[in-house]
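Report on the structure given below.
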Amino acid sequence: MKRPSKKRKPPIKPPTHGRRGRSSKAVVPRSGVVMPDPSRKGAGGGFDTIRSYLSDIRKAALLTFEQEQDLGKRVAEGDFHAREHMIEANLRLVVSIGKRYMNRGLAFSDVIEEGNLGLIRAVEKFDYSKGFRFSTYASWWIRQYIERAIINQGSLVRLPVHVVERLNRYLGELERYGQEIGREPRPDEMAARLKVPEEEIIDLKQLVRTTYSLDSPLNDRTDTFLRDIIRDPQGLSPADTVEGIQRYEEIRSWMQTLSEREQRVITLRFGLDGEEEQTLEMIGRELSLTRERVRQIESEALGKLRATIEGKSMTSKDLL
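Residue numbering for the sequence shown follows my numbering, beginning at 5 and increasing consecutively.
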């Protein structure tokens, strides 16, 4: 097997000058990954450097399963170049996941910074011998780091101190237990671990997903999510939160316009109702369908949901 070249330009740089470097890019000291500086003023008000960063990370080729196995083995043996290569090849995964957390209290660059930290942690903890695709394993770590940062630094819903303490305890134990078993623990497992009712774990999990868990896009050609039309990016008061939950229930009722199979695909694809997000392949195995057929069902179902929303003639102002 041909090993990946070690001559690739690494994305990991040592930290300099505190949080920001002396250029249009910010050097993130915690992750070591060079990031754009959105605060730098210019023609694009910072967006030019963000676009530059996104363009740079797209240059890294995605890894095959065999390459992941080879790199994973070398990382476990202490190969620093393999570690860099594996991180570089998966920076796009962080951006893909990070887009779902925009307008939730953290700047996009901070979301990506936290996601990069999760990616680095995943590279360090990845057990190639179990035969899993790295992206499946890393996605959980990336989400955990981003969600923890949102709760600690800029939670969308202003939470009481005692609730934040419960969340931090839950997230800390979730991370420790997840490391032990190599996957995300189920609610019943976490309930036994923390000696609390399973219902409390389910409530905390829903809260971690920022109250509504509405991460499904309106269709397969846009980055606009259902959550974007019912959330105020400036933050919600308790009264607004209650009203938002009522709107959430209304949207859940719209799901009833879908067939049972379409509902199942959407629920699994976007992690609704406490389910874990799954790939097209994973859903296909459960429903005995091909990956392409699952993609078609997903696209058709999202189209129906969008038509339902538009048919109600609702806008963001109507829903907020």
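Every residue gets a Cβ at the ideal spot worked out from N, C-alpha and C, and that includes glycine.
- Annotated three-state conformation of L208 is helix, per DSSP.
- Each of A311, E203, Q210 and W145 was checked against the Cα of I116, and the nearest Cα belongs to W145.
- Here the C-alpha atom of E70 lies approximately 36 Å from the C-alpha atom of R197.
- Nearest to D83 by C-alpha distance, out of Y105, V127 and I61, is V127.
- For R187 and L178, the gap between their C-alpha atoms comes out near 10 Å.
- Boundaries of the alpha helix (DSSP H) harbouring K129: F112 to K129, taken from the DSSP string.
- For the options I287, S257, N172 and Q282, the alpha carbon positioned closest to that of R265 is the one of I287.
- For K134, no alpha helix (DSSP H) run applies, since DSSP gives it neither H nor E.
- About 12 Å separates the beta carbons of L66 and M90, which is beyond the 8 Å limit, so they are not a contact pair.
- With a cutoff of 7 Å on beta-carbon distance, Y149 and L175 are scored as not near each other.
- Taking the Cα positions, R180 is about 11 Å away from M194.
- Taking the C-beta atoms as reference points, A311 is found no nearer than 7 Å to L262.
- In the structure shown, M106 adopts coil according to DSSP, grouped into three states.
- N172 is classed as exposed because its beta carbon has fewer than 16 other beta carbons within 10 Å across all chains shown.
- Residue range F84 to E92 is occupied by the alpha helix (DSSP H) that includes R87.
- Secondary structure at E285: helix, using DSSP grouped into helix, strand and coil.
- Straight-line measurement puts the Cα of K63 at about 44 Å from the Cα of E204.
- Straight through space, the alpha carbons of Q210 and E184 are spaced by roughly 23 Å.
- Note on geometry: alpha-carbon atoms of E81 and I301 lie some 43 Å from one another.
- Per the C-alpha coordinates, the member of V79, I101, S113 and F274 positioned closest to S56 is S113.
- Rounded to the nearest angstrom, the Cβ distance from Y132 to E88 is 17 Å, too far for a contact under 8 Å.
- By the CB criterion at 7 Å, V298 and L284 fall inside the cutoff.
- Per DSSP, the unbroken alpha helix (DSSP H) holding Q267 starts and ends at E264 to F274.
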